[in-house]
Amino acid sequence: MTEHLNHFIEGASFEASDGRRINLVNPVTEQVYGSSAQGTTEDVDRAVTAAHRQLEGGAWSQLDGAQRGQLLSKLADLVERDSEMLADMDANAIGRSPIEPRRMDLPNAIANLRAAAGWANQLEGRTIPTGGYFGTKTLSYTVREPVGVVGAIVPWNSPLMITVWKLAALLAAGCTVVIKPSEETPQSALHLAVLAQEAGFPDGVINVVTGYGNEVGRALCEHPLVAKISFTGSPEAGREIQRTAGVLFKRVALELGGKSPQIVFDDASFEDALRGCALGLFANQGQVCAAGSRILVHRSIADRFGAALADAAKAVNVGDPRQPGVQMGPVAKKAQFDRVNRYIQLGIDQGASLLAGGVSTPERGWFVRPTIFTNANNAMAIAQDEIFGPVGTLITFDSEEEAIALANDSSYGLAATVWTTDLVRAHRVAAAVKAGAVGINCWSPLDANLPWGGVKTSGIGREGGFAGAVAYTEEKVITVLLPS
Ligand code: NAD
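Start counting the sequence shown at 25; every next residue gets the next number (the numbering used here).
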């Protein structure tokens, strides 16, 4: 079946204003299976104008928090109804096994929508005691208002879940949105917009403009009626977005990459740590922002742990993820295949040793062998750069202090995991590691109520939880003079 995907603007389907299209390519077969509209500045303007109209006296602006919450609840129900279809859409677009999004992305997205339904009427203001106004008493209070039209720019690795993180929070806050999905994965965002229409959201509240980052994404960052850009993606694009959006002082939230350490102490449960490290390395072919791609292991167990992890890597069944028994599909695109292989070669050239995997030869489908390096040090490119593929780098340490220093010797700070059975050490290390999220004996737990985001190059701001909805509001203070 050939997919022909268009923009979704103000409740209707539109081709690109100049008719251009982007091919969609299956990463398993490398066959073109459809196309999407290649959005233009004109398309973005149409969508942003529609979203803005809804805030300026449109039906959406008349709804109160409880009513927005009801719509979010309905949307959650519809996403749940179509969850298998949505999981398959995301999985097929990037060659991922549908089992992962069914187990993780969809339940998380539905939970986010349900949680946001509750947040929508809890965005309260404050009354603030003041010293009065030139001797006259005053009453000062604050209200939370929606920040405005949001440009939501989304990557390809977990398209629906990441779109919903933004959507749920910004709708709870009363904002409207133009979503720019990744050019590889527009399907689930478009279906989500159709579901929102079915749920009863007024047309124009949720718009989707498909296309490239340097056209659609840039046009969103430059549009004067976009108040906030919420971006998830690479630090390179994030840097450019902040520069462009900064000219008009737009609010910017950036969820960027990571090179997250998994610290394995010698007193850890060996089996639990092994399972957690393998999951953190190989889930979604390693194309996860929180991928635990730096395995820091205590020297006394490093050989045994490395060998067991290598066995786990070799045991992964790589192939067409729609076939039974296959655990890992290809990476999502040719550029990613080339990037991962380039880094594996660089690891070899810089002197690290392969325990499993290695450079993959191109064949039909962008399959990469799960790869484990040992004899590495933290200065190597395979220890410092985000590879975004199934590649793990093992580095040994001798003391807790050294483990913490290695963990923090990174430009990134998204996530970290501590594997130990020593409770005091677990909390001590969690406190010392510079990251937005630390898992103790669990890799990257996600929950609708937990904040998510990074420090350093991993980004600015947090998504998730009630504070994630607050981040889509502006606090306004109102003061009334109370003469006696
Ligand atoms: P990317 O930066 O190439 O693209 C992300 C999105 O931004 C896409 O929609 C793209 O079209 C758009 N874009 C690209 N350049 C742009 C520009 N100059 N202006 C505006 N928009 C632009 O990233 P990707 O390859 O799609 O995703 C992988 C990256 O995303 C990795 O670095 C990964 O760690 C990160 N990521 C982070 C999180 C998180 O929560 N921190 C989650 C998932 C992915």
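Cβ coordinates follow ideal geometry from the N, Cα and C atoms, glycine included.
- With distances taken between CA atoms, G485 lies nearest to F255 out of V218, F255, A133.
- Within the model, the alpha-carbon separation for E499 versus L194 is close to 15 Å.
- The alpha carbon of I186 has as its nearest neighbour, out of V501, Y496, E487, the alpha carbon of E487.
- Under the three-state reduction of DSSP, K161 is assigned to coil, being neither helix nor strand.
- The ligand NAD has no heavy atom closer than 7 Å to the beta-carbon of E124.
- Here H451 carries a helix assignment [DSSP, helix/strand/coil].
- Note that the stretch 381-389 touches the stretch 348-368; at least 3 beta-carbon pairs, one per stretch, sit closer than 8 Å.
- Distance between G416 and L438, taken at the CA atoms: about 17 Å.
- Distances from the alpha-carbon of D344 to those of N30, Y436, N50 put N50 closest.
- Boundaries of the alpha helix (DSSP H) around Q91: 89-105.
- Of V233, D335, I265, E260, the smallest CA-CA separation from D409 is found for E260.
- A distance criterion of 7 Å places the beta-carbon of N238 in contact range of the ligand NAD, judged by its closest non-hydrogen atom.
- S384 is the residue among S384, T445, L298, H28 whose C-alpha sits nearest the C-alpha of Q369.
- Closest option to P469, judged by alpha-carbon separation, among S41, V479, V453, L303: L303.
- Ranked by Cα distance from G492, the options V233, E222, G198 are led by G198.
- With the rule of 3 Cβ pairs closer than 8 Å, the stretch 233-250 does not count as touching the stretch 120-133.
- For I46, the closest alpha carbon among the candidates T234, A359, T441 is that of T234.
- Take the alpha-carbon of A427 and the one of V462: they are about 14 Å apart.
- Between I33 and R77, the C-beta spacing is not below 8 Å.
- Counting only runs that start and end inside the stretch 266-312, the alpha helix (DSSP H) elements of at least 4 residues fall at 294-306.
- Taking C-alpha positions only, K98 is separated from E148 by approximately 23 Å.
- The DSSP-derived three-state label of V457 is coil.
- Excluding its 5 nearest sequence neighbours in each direction, A454 has C-beta neighbours in its own chain below 7 Å: V442, V462, I464, listed in chain order.
- Under the DSSP assignment, G381 falls outside any beta strand (DSSP E); it carries neither an H nor an E label.
- Proximity to F412 across G489, G237, A192, G257 peaks at G257, based on C-alpha coordinates.
- Closest in alpha carbon position to R346, among A450, D296, G119, is G119.
- The beta carbon of F32 sits no closer than 7 Å to any heavy atom of the ligand NAD.
- The beta carbon of V201 sits closer than 8 Å to those of A75, V173, V174, G175, A176, K190, L191, L194, L195, V229, I230, N231, all from its chain and outside the five residues before and after it, given in chain order.
- If one requires a minimum length of 4 residues, the alpha helix (DSSP H) runs lying completely within the stretch 339-398 are 358-373, in chain order.
- Contact holds between the stretch 308-318 and the stretch 266-285, because three or more Cβ pairs, one in each stretch, are under 8 Å apart.
- Rounded to the nearest whole angstrom, the C-alpha separation of P226 and Q91 is 12 Å.
- Counting only residues of its own chain and dropping the five nearest sequence neighbours on each side, A332 has a CB closer than 8 Å to the CB of F294, L298.
- CA-to-CA, the gap between D327 and E425 works out to about 21 Å.
- Counting along the chain, the unbroken alpha helix (DSSP H) around W189 starts and ends at 183-196.
- Around the beta carbon of I406, a 10 Å sphere encloses 16 or more other beta carbons of the protein chains shown; the residue is thus reported as buried.
- The beta carbon of N432 lies closer than 8 Å to those of A456, V457, K458 in the same chain, with the five residues before and after it left out.
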